[in-house]
Amino acid sequence: MNNLRGIDLNLLVVLHALLDERHVSRTALRLNMSQPAVSHALTRLRALFADPLFLRAGGGLQLTARARELQPLLAEVIRLSGTLVGQDSFDPAKAERVFRLGMSDYGALVVLPALMRRLRTEAPGVALHVNQFGRADTIDRVANGVLDLALGVFPGAPGNLTFLPLFREEFICLADGDRIPQELTMASYLAAAHVSVSMQGEPDGEVEQALRAMGKTRRIALVLPHFAPALAMLPGSDLILTVARRTAAVAAPANTLKTFAPPFPIPAFDYGLLMRSTAQRDPALGWLIRAIHQTVASGPDGPSLPPCPADP
1 MNNLRGIDLN
11 LLVVLHALLD
21 ERHVSRTALR
31 LNMSQPAVSH
41 ALTRLRALFA
51 DPLFLRAGGG
61 LQLTARAREL
71 QPLLAEVIRL
81 SGTLVGQDSF
91 DPAKAERVFR
101 LGMSDYGALV
111 VLPALMRRLR
121 TEAPGVALHV
131 NQFGRADTID
141 RVANGVLDLA
151 LGVFPGAPGN
161 LTFLPLFREE
171 FICLADGDRI
181 PQELTMASYL
191 AAAHVSVSMQ
201 GEPDGEVEQA
211 LRAMGKTRRI
221 ALVLPHFAPA
231 LAMLPGSDLI
241 LTVARRTAAV
251 AAPANTLKTF
261 APPFPIPAFD
271 YGLLMRSTAQ
281 RDPALGWLIR
291 AIHQTVASGP
301 DGPSLPPCPA
311 DP
């Protein structure tokens with residue numbers, strides 16, 4: 001490493017892509033290389049840095065400690081090299097790139113449809129791979145680069161990450177209008193049966209916390225890990241689903257469903273985008289951040305949306 005003249009800088013481009021993709025075949029696709037060529041480059045990189053850099057893990061690659069050290073440094077080298085030649089290295093109309101996003105099916109229902117319509121027009125070669133993890137695991141995967149970005153609720157994110165609020169969300173109650181009284185009181189709410197959404201299988205979200213603060217509990221008949229099947233449980237049943245307000249728009253086709261204001265206060269929350277603090281240095285990630293921000297800005301939340309830090 002002391003003799004820079006002996007380093008093939010093209011190897012650093014391959015390493016940068018491998019650190020992003022964590023997968024040889026995806027790296028090959030991204031760089032328009034063959035898989036054997038990427039594997040050969042990885043062999044040379046391991047010799048260059050005297051470290052394995054990546055270990056096999058499931059269907060992909062796991063970074064060694066040395067690779068994690070190199071990742072932010074290499075991202076800066078790639079960014080500076082693009083600046084030196086005066087080029088923006090990401091052209092969405094021509095790019096073939098896979099972005100890995102973390103979000104629950106709430107985000108997939110509320111944000112993703114409009115975002116995908118935008119991407120299919122502006123960047124037809126771009127693909128999104130979406131996974132859902134618990135909040136702590138999502139934060140860890142964004143910090144370690146396993147996920148490029150995450151959408152969700154992330155209070156108190158660590159200092160090496162940046163949270164960009166997209167909109168303020170509040171809670172409503174959904175139920176079959178033919179099975180629930182016209183007015184939802186505290187007594188009728190507590191007497192009713194409820195469906196709750198929890199990835200962990202044990203309800204302990206904002207609703208339970210608000211009830212617990214009042215010394216109350218509700219009767220939960222069903223716990224599901226996703227919002228879409230929870231919505232499907234409501235027509236023809238006496239179940240109540242207390243969810244974020246934008247979920248009601250997704251449920252609109254089920255015209256027997258009625259919305260109610262919760263009969264007790266549940267704190268609103270900021271829904272937004274979680275990223276590494278260095279993400280905006282990557283032209284591709286900067287473009288995706290702007291695309292998500294602009295997609296939300298074109299909707300009803302646009303007037304109250306804070307500026308996007310990835311804007312040029």
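Start counting the sequence shown at 1; every next residue gets the next number (UniProt numbering).
The C-beta atom is built at its ideal place from N, Cα and C for all residues, glycine as well.
Original post:
Alpha carbon to alpha carbon, how far is leucine 74 from arginine 44?
Top reply: On the sequence shown, position 74 is the one that residue 74 refers to. On the sequence shown, position 44 is the one that residue 44 refers to. If you take the alpha carbons of leucine 74 and arginine 44, they lie about 16 Å apart.
Original post:
alanine 127 lies in the beta strand (DSSP E); which residues open and close that run?
Top reply: Here residue 127 is taken as the residue at index 127 of the sequence shown, counted from 1. Looking at the DSSP string, the run of the beta strand (DSSP E) that includes alanine 127 is 126-131.
**OP:** Give the C-beta separation of threonine 295 and arginine 97 to the nearest angstrom, bearing in mind that I take them to be a contact with Cβ-Cβ under 8 Å.
**Re:** Position 295 of the sequence shown, counted from the start, is the residue given in the question as residue 295. Position 97 of the sequence shown, counted from the start, is the residue given in the question as residue 97. That pair is no contact at about 17 Å.
Original post:
Run through DSSP, which three-state label would proline 229 get?
Top reply: Numbered from 1 along the sequence shown, position 229 holds the residue referred to as residue 229. Three-state result, proline 229: helix.
Original post:
Under three-state DSSP, which class holds glutamine 87?
Top reply: Counting from 1 along the sequence shown, the entry for residue 87 is found at position 87. No answer about glutamine 87 holds up, because its pLDDT of 49 lies below 50 and its placement is not dependable.
Subject >> Own chain residues within Cβ distance below 8 Å of alanine 213, not counting five before or after >> reply: Counting from one through the sequence shown, the residue named residue 213 turns up at place 213. Once the five neighbours on either side are set aside, alanine 213 has no close Cβ partner at all.
Original post:
Helix or strand or just coil, what does DSSP make of phenylalanine 264?
Top reply: Start at 1 with the first residue of the sequence shown, and residue 264 comes out as number 264. Reduced to three states, the DSSP call for phenylalanine 264 is coil.
**OP:** Could you tell me if arginine 168 is buried or exposed, where buried requires 16 or more neighbouring beta carbons within 10 angstroms of its beta carbon?
**Re:** The sequence position of residue 168 within the sequence shown is 168, counting from 1. Exposed, since its Cβ has fewer than 16 Cβ neighbours within 10 Å.
**OP:** Just mark alanine 261 as buried or exposed, buried being the case when its beta carbon has 16 or more other beta carbons within 10 Å.
**Re:** Position 261 of the sequence shown, counting from 1, holds the residue named residue 261. So alanine 261 ends up on the exposed side.
Subject >> Local conformation of methionine 186 per DSSP, three classes >> reply: As a working mapping, residue 186 is identified with position 186 in the sequence shown. Helix at methionine 186.
Subject >> Reference glycine 107; option with closest CA among Ser34, Asp91, Gln132 >> reply: In the sequence shown, residue 107 corresponds to position 107, counting from 1. Glycine 107 has its Cα closest to that of Gln132, out of Ser34, Asp91, Gln132.
**OP:** With distances taken Cα to Cα, identify the nearest neighbour of alanine 17 among Ser237, Leu53, Ala123.
**Re:** Taking the sequence shown and counting its residues from 1, the one referred to as residue 17 is at position 17. Comparing Cα positions, the closest option is Leu53.
Original post:
Which residues bound the alpha helix (DSSP H) around methionine 116?
Top reply: By 1-based counting over the sequence shown, the position of residue 116 is 116. Methionine 116 -> alpha helix (DSSP H) spans 112-122.
Original post:
What number of angstroms, rounded off, separates the C-alpha of glutamate 208 from the C-alpha of serine 196?
Top reply: Position 208 of the sequence shown, counting from 1, holds the residue named residue 208. Position 196 of the sequence shown, counting from 1, holds the residue named residue 196. The alpha-carbon atoms of glutamate 208 and serine 196 are separated by roughly 10 Å.
Original post:
Per DSSP, leucine 149 is paired with what?
Top reply: If you number the sequence shown from 1, residue 149 lands on position 149. The partner list for leucine 149 (beta bridge, DSSP) reads Leu101.
Original post:
Where do the N-terminal and C-terminal ends of the alpha helix (DSSP H) with arginine 56 fall, by residue?
Top reply: Stepping through the sequence shown from its first residue, residue 56 is reached at position 56. Run containing arginine 56: none in the alpha helix (DSSP H); it sits in the beta strand (DSSP E), 54-57.
**OP:** Assign glutamine 280 to one of three DSSP states: helix, strand, or coil.
**Re:** The count along the sequence shown starts at 1 and reaches residue 280 at position 280. Three-state result, glutamine 280: helix.
Original post:
Using a beta-carbon distance below 8 Å, is aspartate 270 in contact with chain B?
Top reply: The displayed structure is made up of one protein chain only, and chain B is not part of it.
**OP:** Express the C-alpha separation of arginine 56 and glutamate 21 in angstroms, rounding to a whole number.
**Re:** The residue given as residue 21 occupies position 21 in the sequence shown. The residue given as residue 56 occupies position 56 in the sequence shown. The straight-line gap separating the alpha-carbon atoms of glutamate 21 and arginine 56 is approximately 13 Å.
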